[in-house]
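J.: I have a structure here, written as structure tokens, and I will follow up with some questions on it.
Protein chains in written order, with my numbering: chain A, 2 to 324; chain B, 6 to 296.
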């Protein structure tokens, strides 16, 4: 990393760290949303961007993580910090099982993608009928006293959630950077580019693909835990829905699949665009449901047609005029 | 209480009729995949668009969906042809995932366009004669369902005949069988792919008109029908036309039985379970050969 890039990153980090000091609640909620998408997008990027396995069912891990931690808290009073590990472990197990079955039986390409969707939908309908976790009526977590910080139970003001997700997003960035330089990262990229060639070189593609799915699933589960405690309520329709899976993948695709900063840049662009558009639409007075999603769709369409590698690679070239 | 065989027969019959419409829906997806090599993640959304068109035509002009179906099919054929020629064609040589995401984006735009234009409320087409039923022996058959199934099967038969007996249909099949060979003998592959996509969209629109009669529609119907069409096509074997029809009948009956004997909402759970099992153990579909 060049000195200038490091400086820019440090500046951005400082700005994000100090944001709650001067930002109002609205700006803070938008920033939290951005960081949440950045975190979940990075998790998905490990599986698709690094290892080339397209999942359109990441809502499965989001929902499983959310329901696991929320269920433990709701029924047994087990706080999210302990629940987090159990949720991540459960999602890792789910991811590993799905990956093992799919890769063992040679389910690839569109069949693999459909399998991920089917599993998420199956879980959605299953949870709809699982009354212990609220069923389709939803699961509601105790609301915190405004202003009172209960860090142990992750109940508190927006700034607390903001710092939690900032920490998570930064950790995911560090992990992604580390992974890209690691043996696993190189193996994944080899598998992504040409799986047969990778296998011919002696890479145990089955094992490394499973590792990618497992890691990606566990991190997405953590995003689910955050989402459950941030919003305080859970509905199977909402958290396991395919729109949720699509939301996760938008950031990395717009920013640039497989790149380190792509998911973050994409999440920032997407959040800014959606919020900006909602504001404009509200100001014009024709507020209608679906406007935000419509913007997502149009941006996605434009990026995939005109900028197939995403915004970040094009941006990165501009930032380094020497090369 | 003795087992109600007549009730069961009625449920199965109703499932078969709905299944014929599902079969046509899936047939469109199968044609698009089998020939144009496009995994149409916007299939249900195109169907929902046709459902809305039929419902709006009925509500504003009083046009019976069974009359509207022909012009709508022609319109959707042109829509599909242009969509493929203008956008999707560029993605033929791009990585698969780029194509999935493109169609997903088209799907999102259609669904939310419908949501913005028509709001989230459910709509339905209510025609008096749809509620009447026909007695066939001990069976009571919904008139609406009967007509819908007949229309769907006619459309499917027309599609079969087109692919089997016309020169263009044969040329499209040639592209599907051997793309390079088709290029060598001078077939206009881009045009033929776009034709196939248009035909798939037209099938989806016919199925959509019929579904507008059978089911209520919301903007959320689109994604649900996309998934349903994939379930059917995978169960029947992706790319197989007969497989799509048989898969449709199977899923139609299974849904009707699950809706009747278990919770109505459990019916799609069964479909997804079936999809997962088929994907894992018979990835080429129940009727397909071993991979």
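Using N, Cα and C, we set each Cβ at its ideal position, and we do this for glycine too.
(1) Any C-beta of chain B sitting closer than 7 Å to the C-beta of residue 289(A)?
(2) Run through DSSP, which three-state label would residue 111(B) get?
(3) Return helix, strand or coil for residue 194(B), following the three-state DSSP convention.
(4) DSSP on residue 147(B), reduced to helix/strand/coil?
(5) What in chain A is Cβ-close to residue 143(B), meaning under 9 Å?
(6) Is there a C-beta anywhere in chain B that falls below 7 Å from the one on residue 249(A)?
(7) Can you confirm whether residue 274(B), when its beta carbon is compared against all beta carbons of chain A, has any partner nearer than 7 Å?
(8) Along chain A, which residues have their Cβ under 9 Å away from the Cβ of residue 256(B)?
(9) Hey, residue 257(B) and residue 24(B): beta-carbon distance below 7 Å or not?
(10) Helix or strand or just coil, what does DSSP make of residue 163(B)?
(11) When DSSP builds the beta bridges, which residues end up paired with residue 169(B)?
(12) Assuming residue 60(B) and residue 234(B) make a contact with CB atoms under 8 Å, what is their CB distance in whole Å?
(13) Between 13(B), 34(B), 138(B), 117(B), which has its C-alpha nearest residue 85(B)'s C-alpha?
(14) Consult DSSP for residue 246(A) and reduce its assignment to one of helix, strand or coil.
(15) I want to verify the contact list: residues of chain B whose CB lies under 7 Å from the CB of residue 120(A), in sequence order.
(16) How big is the Cα-Cα spacing for residue 90(B) and residue 15(B)?
(17) Just to make sure I have the definition right: I need the residues of chain A whose C-beta is within less than 9 Å of the C-beta of residue 237(B). Which are they?
(18) Please list, in chain order, the residues of the stretch 276-310 of chain A that have any C-beta partner in chain B closer than 7 Å.
(19) Sort 123(B), 44(B), 203(B) by Cα distance to residue 100(B) and report the nearest one.
(20) Quick one: give me the first and last residue of the beta strand (DSSP E) that residue 138(B) is part of.
(21) Are three or more beta carbon pairs between the stretch 258-271 of chain A and the stretch 43-61 of chain A nearer than 8 Å?
(22) Where do the N-terminal and C-terminal ends of the alpha helix (DSSP H) with residue 15(B) fall, by residue?
(23) For chain A, check one thing: does any of its Cβ atoms lie closer than 7 Å to the Cβ of residue 50(B)?
(24) Is the beta carbon of residue 106(B) closer than 7 Å to that of residue 50(B)?
(25) Name, please, each residue of chain B whose Cβ falls closer than 7 Å to the Cβ of residue 223(A).
(26) Which partner residues does residue 151(A) have in the DSSP bridge list?
(27) Can we say the stretch 56-72 of chain B touches the stretch 261-281 of chain B, given the rule of at least three CB pairs closer than 8 Å?
(28) What's the call for residue 127(B), buried or exposed, on a 16-neighbour Cβ count within 10 Å?
(29) Looking at C-beta atoms only, is the number of pairs between the stretch 31-38 of chain A and the stretch 272-286 of chain A that lie closer than 8 Å three or more?
(30) Do the CB positions of residue 94(A) and residue 84(A) come within less than 7 Å of each other?
(31) Does chain A have any CB closer than 7 Å to the CB of residue 117(B)?
(32) Let me know if residue 296(B) comes out buried or exposed under the rule of 16 or more other beta-carbons within 10 Å of its beta-carbon.
(33) Are three or more beta carbon pairs between the stretch 55-69 of chain A and the stretch 232-249 of chain A nearer than 8 Å?
(34) Taking residue 91(A) as the reference, give the member of 279(A), 197(A), 214(A), 292(A) with the closest Cα.
(35) If contact means a Cβ-Cβ distance below 8 Å, which residues of the stretch 103-135 of chain A contact chain B?
(36) Using a Cβ-Cβ cutoff of less than 6 Å, which residues in the same chain neighbour residue 241(A) once the five nearest sequence positions on both sides are dropped?
T.: Reading it off the structure:
(1) yes
(2) The answer is helix: DSSP assigns residue 111(B) an H, G or I state.
(3) helix
(4) strand
(5) Taking a Cβ-Cβ threshold of 9 Å, none of the residues of chain A is close to residue 143(B); the smallest such distance is about 34 Å.
(6) no
(7) yes
(8) Within 9 Å Cβ-Cβ: nothing; residue 256(B) doesn't reach chain A, min ~13 Å.
(9) yes
(10) helix
(11) BP columns for residue 169(B) are empty, so no partner.
(12) That pair is no contact at about 20 Å.
(13) 34(B)
(14) helix
(15) 281
(16) 45 Å
(17) Under the 9 Å cutoff, chain A gives no residues; its nearest Cβ is about 12 Å from residue 237(B).
(18) 289, 290, 291, 292, 294, 295, 297, 298, 299, 301, 302, 305, 306, 309
(19) 44(B)
(20) Looking at the DSSP string, the run of the beta strand (DSSP E) that includes residue 138(B) is 138-141.
(21) yes
(22) 10-39
(23) no
(24) no
(25) Listed by position along chain B, the residues whose Cβ is nearer than 7 Å to that of residue 223(A) form an empty set, because the closest Cβ is around 25 Å away.
(26) According to the DSSP secondary-structure assignment, residue 151(A) is paired through a beta bridge with 156(A).
(27) no
(28) exposed
(29) The stretch 31-38 of chain A vs the stretch 272-286 of chain A: in contact.
(30) In this structure, residue 84(A) does not lie closer than 7 Å to residue 94(A) by Cβ.
(31) yes
(32) Note that residue 296(B) scores 42 on pLDDT, short of 50, meaning its location in the model is unreliable and no value can be drawn from it.
(33) yes
(34) 214(A)
(35) 103, 106, 107, 108, 110, 111, 112, 114, 115, 116, 118, 119, 120, 122, 123, 126, 127, 129, 130
(36) If you ignore the 5 residues before and after residue 241(A), its C-beta comes within less than 6 Å of the C-beta of 60, 64, 121, 124, 125, all in its own chain and listed in chain order.
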